[in-house]
Amino acid sequence: MLRDHAPNCKIILSHSGGDLPYIIDRPARLMVNAPPPTNAGRSTEDVLAEARTFCFDTALSSSPMRIKALMQLLRGDAEDQASVVRHRLSECAKWKLHGLA
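In this note's numbering, the protein residues as written are -11 to 89.
Put into structure tokens, the structure is as follows:
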């Protein structure tokens, strides 16, 4: 994994992580039963914890379903992230009102 070789590298996923918040649960659960090297001894929670280390750009993500899925993935950080999301959504709404988005 990239994090093994570059632990300080921040990975930013645009559009609130795209499909990741929706689908990460399924591969995380399936990987537990996968043969090496796919499994690499990681549990479902290990995979989900690694997904939570990504940075999520929420600037242009105005879908309530997308934001809800992201918040469920982030869990413990959801309250901090929610204030960022609300700020970004209000900025996005202003841009749309002025025809800038």
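Positions of the beta carbon are idealized from the N, C-alpha and C atoms, including for glycine.
query, result
"Mind checking whether the beta-carbon of N(-4) lies closer than 7 Å to any heavy atom of the ligand ADP?", "In the structure shown, the ligand ADP is absent, as is every other ligand, since no ligand is present at all."
"Write down the C-beta distance between A35 and A47 rounded to the nearest angstrom, noting that I regard them as a contact closer than 8 Å.", "The sequence shown places Val at residue 35, rather than the Ala named in the question. Their Cβ separation, rounded to whole angstroms, is 26 Å, which puts V35 and A47 out of contact at 8 Å."
"Decide if S49 is buried, meaning its Cβ has at least 16 other Cβ atoms within 10 Å, or exposed.", "buried"
"Can you look up L48 in the DSSP assignment and give me helix, strand or coil?", "coil"
"Specify the secondary structure class of I12 as computed by DSSP and reduced to three states.", "coil"
"Starting from T32, follow the alpha helix (DSSP H) in both directions and report where the run begins and ends.", "32 to 39"
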